[in-house]
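Residue 88 in this note's numbering sits at position 77 of the sequence shown, and the numbers go up by one each step.
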Amino acid sequence: MVISGVMKLIGSGMEFFLVIPGIGGTFILSLLWIPLLFMLVYHIVTLVLSRNSNQKIWGPVVGIVASTIGIIPLLGMLLHWAAFICLLIDGILTLSRGPKDSPETTKVV
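Here's what the structure looks like:
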């Protein structure tokens, strides 16, 4: 499904913003960790959409882990890097799979 792939790519962009040294940490701390809560909800929604369209879910799962454990400063930055990379790869693979190969449109002859 295209929407889950696009949401994974948008999520990877938001994760990239959070891992910019100095800027991401300041953004999270200045808003009292609310961005981590927002990202947690965003990744859960992406996970549900991916699951419903029979797409891979490893990108959103890594994002959920990064958002929940991300309150620990250095570990959080490393986890957000992992989430950025995983969501980017997962989103590209989801979109490149296309509707032709998706299980909903595959016909059994």
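No residue lacks a Cβ here, since even glycine has one placed at the ideal position from N, Cα and C.
Whole-number beta carbon distance between residue j and residue i, since they are thought to touch under 8 Å
i: L90; j: A77; result: 4 Å
Beta-carbon spacing of residue i, residue j below 8 Å
i: L98; j: G81; result: no
i: L87; j: G22; result: The sequence given here has Gly at residue 87, not Leu. No. Outside cutoff.
Residue i versus residue j: straight-line alpha-carbon distance, rounded
i: V120; j: T37; result: With a pLDDT of only 49 at V120, under 50, the local geometry of the prediction cannot be trusted, and no value is derived from it.
i: I83; j: S64; result: 33 Å
i: V13; j: M25; result: 18 Å
i: I34; j: F28; result: 8 Å
i: L60; j: F49; result: 17 Å
i: L85; j: H54; result: 21 Å
i: I39; j: I96; result: 20 Å
Burial state of residue i (16 or more Cβ within 10 Å)
i: I45; result: exposed
i: S41; result: exposed
i: V30; result: buried
i: S15; result: buried
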